[in-house]
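Numbering (the numbering used here), first residue to last: 472 to 941. Don't be surprised by glycine CBs; every beta carbon is placed ideally from N, CA and C.
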Ligand SMILES: [Zn+2]
């Protein structure tokens, strides 16, 4: 059964009207950030946030709302101090990187610039036993590198400790987790800290001018085997075997901030899509999205920031349902920008469909095909499930921006961007769920997934992370 254009227009008006006229997004975002702070994995605040989101979803009319538990290695930040003991005595502010164990160590610093493969190769055996300094980013014209690539190279080369400097001015130290085999020893990671760009540049100057820089690093972090939860809620189709559309984003954030951009913004948008679509169901007196030919499942993932542990756990626990998933909209950082970006993950056959829907919606929608080997869609992409990494774009580029620093606070979130994401994704989901469009998408075979990851250049990073499944 297809809706006629006037029904569609009524549906769009209802969704946009509800998203733009309601204060739900702003209210939920503020409540989450003020009441639960950064919602760090393993913390009491995360548990409170998960229950808060579940309560919202029940109140908005989603069904079978539940918290699905999974094991994870939890970590708690203690004191951290970094000091230069030679050639001069200086103390520097630093942030332990999550999963760094406690330590009290002294050693010689080795500045490896951006920490590219070639930098480590050139240093050779000199890396062993050193406190390796690298900075965020890559040299001009070079492939962008994730923090973890630099960290894993340092660890593999036998470094004593790892220091990661930010790439933007402002005396903000970055955080960001280390790679951890969740089944391995708790203290397997290198002692590691983030430092501000200015501190990194000063240390590099000392090393250039005076040869040997000696550092003393002390960390009092705590690790333990804990538990976390994915929050799940449903807008079911009448047929329980109908295909599923997933709308999700990670609820956990970093402990040093409100984690407002990354990713309270995504949680607020996912929640808004649920609120508005639940209100459009039969009997609500509003334009209908019945009959639904697909169920819609809403998910807030836990422990994304420590290695997508929640989304991997979900994919493992729901493996038997993977064939039913038609598409996954993963909303991660939808807090700035006047355009909605759909990064299709290995499902190029859907690009024409989403481009034509963008025209139909008269929405500022950019459909790009760019495989991103991090965030919660990755376990689904590895399983061959079509997905989009949803971001907002179009404003002044700011590198990684405020995310992963203490400045990721509510005041940085542009509520209009969150509304844009909620309305855009809501309208797309309503069309897909009500059978408005032919669906050309299909699940990929493992061989096709492997080929696509190789073509995208993601293989080296996934191999370094021991996340290469082939
Ligand atoms: Zn994120």
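Starting from residue 622, trace the alpha helix (DSSP H) in both directions and tell me its first and last residue. As a first step, residue 622 is located in the chain shown; it is residue number 151 there, counting from the start. Where residue 622 is concerned, the enclosing alpha helix (DSSP H) stretches over 618-627.
Note down the Cα distance separating residue 589 from residue 627, rounded to an integer number of angstroms. Locating residue 589 in the chain shown gives position 118, counting from the first residue. Locating residue 627 in the chain shown gives position 156, counting from the first residue. Cα to Cα, residue 589 sits roughly 14 angstroms from residue 627.
Measuring alpha carbon to alpha carbon, tell me which residue in 509, 765, 487 and 483 is nearest residue 960. The structure shown does not extend to residue 960, since the chain is modelled only from 472 through 941, so no value can be given for it.
Report the CB separation of residue 728 from residue 880 in whole angstroms; it is logged as a contact under 8 angstroms. Reading the chain shown from its first residue, position 257 is the one you call residue 728. Reading the chain shown from its first residue, position 409 is the one you call residue 880. At roughly 6 angstroms, the Cβ-Cβ gap stays under 8 angstroms, so residue 728 and residue 880 are in contact.
Taking C-beta to C-beta, are residue 666 and residue 634 nearer than 8 angstroms? In the chain shown, residue 666 corresponds to position 195, counting from 1. In the chain shown, residue 634 corresponds to position 163, counting from 1. The answer is yes: Cβ separation under 8 angstroms.
Okay, do the segment 676-688 and the segment 558-567 touch, 3+ Cβ pairs below 8 angstroms being the bar? With contact defined as three or more Cβ pairs closer than 8 angstroms, the segment 676-688 and the segment 558-567 are in contact.
Leaving out five residues before and five after residue 869 in sequence, what residues of the same chain have Cβ atoms less than 6 angstroms from its Cβ? Residue 869 sits at position 398 when you count from the first residue of the chain shown. With a pLDDT of only 47 at residue 869, under 50, the local geometry of the prediction cannot be trusted, and no value is derived from it.
Comparing C-alpha positions only, which one of 764, 795 and 575 sits nearest to residue 662? Taking the chain shown and counting its residues from 1, the one referred to as residue 662 is at position 191. Residue 662 has its Cα closest to that of 575, out of 764, 795 and 575.
Give the range of the beta strand (DSSP E) segment to which residue 895 is assigned. Position 424 of the chain shown, counting from 1, holds the residue named residue 895. No beta strand (DSSP E) holds residue 895; the alpha helix (DSSP H) holding it covers 886-904.
What residue from 894, 791, 606 and 848 has the CA that sits closest to residue 836's CA? Here residue 836 refers to the residue found at position 365 of the chain shown. Closest in alpha carbon position to residue 836, among 894, 791, 606 and 848, is 894.
Can you name the start and end residues of the beta strand (DSSP E) that residue 695 belongs to? Sequence index remark: in the chain shown, residue 695 carries index 224 (1-based). That run of the beta strand (DSSP E) goes 693-706.
Residue 818 - DSSP class collapsed to helix/strand/coil: Stepping through the chain shown from its first residue, residue 818 is reached at position 347. DSSP places residue 818 outside both helix and strand once states are collapsed to three, so it counts as coil.
Return helix, strand or coil for residue 843, following the three-state DSSP convention. Residue mapping note: residue 843 aligns to position 372 of the chain shown, counting from 1. Residue state, collapsed to three classes: coil.
Which residues does DSSP pair with residue 539 in a beta bridge? Taking the first residue of the chain shown as position 1, residue 539 is located at position 68. The partner list for residue 539 (beta bridge, DSSP) reads 701.
Taking buried to mean at least 16 other C-beta atoms within 10 Å of its own C-beta, is residue 535 buried or exposed? Locating residue 535 in the chain shown gives position 64, where the first residue counts as 1. Exposed: under 16 other Cβ atoms inside 10 Å.
Between which two residues does the beta strand (DSSP E) harbouring residue 804 extend? Along the chain shown, one-based indexing puts residue 804 at 333. It is not in any beta strand (DSSP E) - residue 804 carries neither H nor E in the DSSP assignment.
So, for residue 931: in the same chain, excluding its five sequence neighbours on each side, which residues have a beta-carbon less than 8 angstroms away from its beta-carbon? As a first step, residue 931 must be located in the chain shown, where it is residue number 460. If we look at residue 931 and ignore the five residues flanking it on each side, its Cβ neighbours are 620.
Rounded to whole angstroms, what's the CA-CA distance from residue 685 to residue 816? Just pull it up for me. What you label residue 685 is simply residue 214 of the chain shown in a count that begins at 1. What you label residue 816 is simply residue 345 of the chain shown in a count that begins at 1. Answer to the nearest angstrom: the Cα atoms are 45 angstroms apart.
Residue 519, enclosing beta strand (DSSP E) - first and last residue: Here the question's residue 519 lines up with position 48 in the chain shown. Counting along the chain, residue 519 falls outside any beta strand (DSSP E), though it belongs to the alpha helix (DSSP H) covering 515-531.
Keeping to the same chain, check which residues put their C-beta closer than 6 angstroms to that of residue 472; ignore five residues upstream and five downstream. Translated into the one-based positions of the chain shown, residue 472 becomes position 1. Unreliable positioning characterises residue 472 in this predicted model, as indicated by a pLDDT of 49, which lies under 50. A coordinate reading is not provided.
May I ask which residues mark the beginning and end of the alpha helix (DSSP H) holding residue 786? Taking the chain shown and counting its residues from 1, one reaches residue 786 at position 315. Unbroken alpha helix (DSSP H) run through residue 786: 780-788.
Could you compute how far the alpha carbon of residue 916 sits from the alpha carbon of residue 683? Working through the chain shown from its first residue, we reach residue 916 at position 445. Working through the chain shown from its first residue, we reach residue 683 at position 212. Near 53 angstroms, if we compare the C-alpha coordinates of residue 683 and residue 916.
Continuous beta strand (DSSP E) stretch holding residue 591: start and end: Indexing the chain shown from 1 puts residue 591 at position 120. For residue 591, no beta strand (DSSP E) encloses it; the enclosing alpha helix (DSSP H) starts and ends at 588-594.
Does the beta-carbon distance from residue 657 to residue 694 come in below 8 angstroms? Here residue 657 refers to the residue found at position 186 when the chain shown is read from its first residue. Here residue 694 refers to the residue found at position 223 when the chain shown is read from its first residue. Result yes, Cβ atoms of residue 657 and residue 694 sit closer than 8 angstroms.
Which listed residue (539, 796, 830 and 859) has its alpha carbon closest to that of residue 821: Residue mapping note: residue 821 aligns to position 350 of the chain shown, counting from 1. Taking residue 821 as reference, the option from 539, 796, 830 and 859 with the minimal CA-CA separation is 859.
Could you spell out the range, first to last residue, of the alpha helix (DSSP H) harbouring residue 600? Start at 1 with the first residue of the chain shown, and residue 600 comes out as number 129. Looking at the DSSP string, residue 600 is not in any alpha helix (DSSP H), and its letter there is neither H nor E.
The alpha helix (DSSP H) enclosing residue 507, as first and last residue numbers: Position 36 of the chain shown, counted from the start, is the residue given in the question as residue 507. Looking at the DSSP string, the run of the alpha helix (DSSP H) that includes residue 507 is 495-507.
Extent of the continuous alpha helix (DSSP H) to which residue 680 belongs: Indexing the chain shown from 1 puts residue 680 at position 209. Bounds of the alpha helix (DSSP H) holding residue 680 are 668-681.
I think residue 608 touches residue 585, with their Cβ atoms under 8 angstroms apart; what is that distance to the nearest whole Å? Position 137 of the chain shown, counting from 1, holds the residue named residue 608. Position 114 of the chain shown, counting from 1, holds the residue named residue 585. Confirmed, Cβ separation roughly 6 angstroms.
Determine the extent of the alpha helix (DSSP H) in which residue 918 is found, giving its start and end residues. Numbered from 1 along the chain shown, position 447 holds the residue referred to as residue 918. Element bounds for residue 918: 917-927.
Report all residues from its chain with a CB closer than 8 angstroms to the CB of residue 671; omit the five preceding and five following residues, and keep chain order. Your numbering for residue 671 matches position 200 in the chain shown. The answer, listed in chain order, is 604, 606, 634, 636 and 637.
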